[in-house]
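Notes for the one structure printed next.
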Amino acid sequence: MVEGPLDALVLGHEDARGSGDLASWDDGTGTGVADAGEAGRLDRGPSDRVTPRACDPRLTGLCYPGASSDRLVAPAVCREGRLRCEAERYFCEGYVLPSPEVCTSAGAVPADEDCDGVVDEPSTPLRADVVIVVDVSGSMHEELPAIRSALTRWLADLPQDWLVALVLLPAPPHDLPAVALDFGGAHVAASVISGLQDGGGSIEATYDALYYVAVSAFSVGERPWPRWRPGAERWVILVSDEAAQTLGAVHESLVAVEVRRAGLGVVLFVVEGYETWDEIVPAARTGTIAVGVLHDAGRMLRVLVEAVAGAPCP
Ligand SMILES: [Ca+2]
Ligand SMILES: [Ca+2]
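Here my numbering = 1-based position in the sequence shown + 461.
What follows is the structure in structure tokens.
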């Protein structure tokens, strides 16, 4: 039973299948707010971010930090969680959020992984935001022709309502990564990328770049970081030949949390030395990450098409 309205509670989540601290969640499309109602079920609604007051341990209603449009019954895999009060904070436990649609394998029960009500539909979204993060340090000189070729060919075939932004890493004369192109049409991005040159810099602050892109709430230098459109799929294509570094204190676990929280799919193109990304890869959206190689434009293009655009189920 609920005594009094829970009108000052902000939902939180940690991952697609798990538990979340309800005091800190924002999915990038708004803030989840608990409105316990008579049944103790939490719904979404507009509200300012507020500090939760001490919770009622007797409240054990259902909660779901995903979109209100998500299907929550089979064949959809999304599920509500249970509200839990611990140490005067609310947690939502055991919920399942959407993941990319996966084709049903032989003998398996068909499932609607992205919880849109359709099973095994082609996974190419109509609307997506893509941030391309390219390492343009000097060591990338020999890799850039293949990168330019693969990316521009891929961009030429994107659906109309996909927007593309570009982040350079580093962006001389500083070692900071910087937004070279805010979200816009793919043809504009292709034009800029076709002229991409290596430009020095000594630190590849990959962690910083991915973190700032994920949180989408910082300004660095003169340009703001790209802002994601609500409702669009979110992708980061990251190309580098150097193990990830940070200029500050952006640890990879923090990157993993924010990438997951932002719902980013990450496609990673590397040469070598990325062992530390093992912690980030499984932490982001399952099944949306591919690790490809540089120098081979044809292979890069195939990886991009398969990883991001998807293909219809047989
Ligand atoms: Ca589906
Ligand atoms: Ca499926």
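Beta carbons: idealized from backbone N, C-alpha and C, even for Gly.
Can you tell which of the options has the C-alpha that lies nearest to the C-alpha of residue i?
| i | options | result |
| --- | --- | --- |
| Y525 | L624, Y551, E713 | Y551 |
| V579 | V591, W623, D590, V563 | V563 |
| D531 | E604, D575, A569, A548 | D575 |
| P620 | G568, L630, A693 | A693 |
| L708 | R588, E665, W689, A548 | E665 |
| A704 | S600, P606, G568, A515 | S600 |
| F730 | A607, A515, S566 | A607 |
| V718 | E541, V676, D577, Q706 | V676 |
| R588 | R722, G660, W689, C774 | W689 |
| C774 | T565, Y668, P691 | T565 |
Hey, how far is the Cα of residue i from the Cα of residue j?
| i | j | result |
| --- | --- | --- |
| E582 | A572 | 11 Å |
| V716 | S529 | 27 Å |
| V720 | Y673 | 10 Å |
| R763 | V728 | 12 Å |
| A670 | V628 | 8 Å |
| A484 | V625 | Residue confidence for A484 is low, a pLDDT of 40 falling below 50, so the modelled location carries little weight; the figure read from the coordinates is stated next. Those two C-alpha atoms are separated by around 32 Å. |
| A710 | A548 | 29 Å |
| H712 | P687 | 21 Å |
| Q706 | S663 | 11 Å |
| P691 | G645 | 15 Å |
Only counting the same chain, and skipping five residues up and downstream in sequence, which positions put a Cβ closer than 6 Å to that of residue i?
| i | result |
| --- | --- |
| T747 | Note that T747 scores a pLDDT of 43, beneath 50, so its modelled location is shaky; the value from the coordinates is reported in the next line. Counting only Cβ-Cβ distances below 6 Å, and skipping sequence neighbours, we find S560. |
| L765 | W615 |
| L612 | I654 |
| I593 | L627, I698 |
| G724 | R695 |
| W536 | Residue identity check: residue 536 is Pro in the sequence provided, not Trp. Once the five neighbours on either side are set aside, the close Cβ partners of P536 are P571, A572, D573, V580. |
| R722 | none |
| H635 | none |
Mark residue i as exposed unless 16 or more other C-beta atoms lie within 10 angstroms of its C-beta, in which case mark it buried.
| i | result |
| --- | --- |
| D622 | exposed |
| L637 | buried |
| A448 | Since the first residue of the chain shown is 462 and the last is 775, residue 448 is not available in this structure. |
| L699 | buried |
| D488 | Its pLDDT being 37, under 50, D488 is placed unreliably by the model, and the measurement read from it follows with that caveat. By the 10 Å Cβ count, D488 comes out buried. |
| V769 | buried |
| R695 | buried |
| D590 | buried |
| S701 | buried |
| P518 | exposed |
| E767 | exposed |
| G726 | buried |
| T512 | Reliability fails at T512, whose pLDDT of 44 lies under 50, so the model's placement of it is uncertain and no value is given. |
| P631 | buried |
| M761 | buried |
| A567 | exposed |
When the distance is taken between beta carbons, is residue j closer than 8 Å to residue i?
| i | j | result |
| --- | --- | --- |
| S610 | A758 | yes |
| L520 | C546 | yes |
| L558 | C539 | yes |
| V570 | L657 | no |
| H602 | D659 | yes |
Sorted by chain position, which residues of the same chain lie with C-beta nearer than 8 Å to residue i's C-beta, five sequence neighbours on each side aside?
| i | result |
| --- | --- |
| A435 | This structure gives no information on residue 435, because the portion of the chain shown stretches from 462 to 775. |
| R543 | T521, G522, L523, C524, C553, E554, G555 |
| L533 | Y525, C539, R540, E541, C576 |
Looking only at its chain, what residues have a beta carbon closer than 7 Å to the beta carbon of residue i, apart from the 5 residues adjacent to it on each side?
| i | result |
| --- | --- |
| Y668 | A705, Q706, T707, V711, E713, V716 |
| C516 | C546, E549, R550, Y551 |
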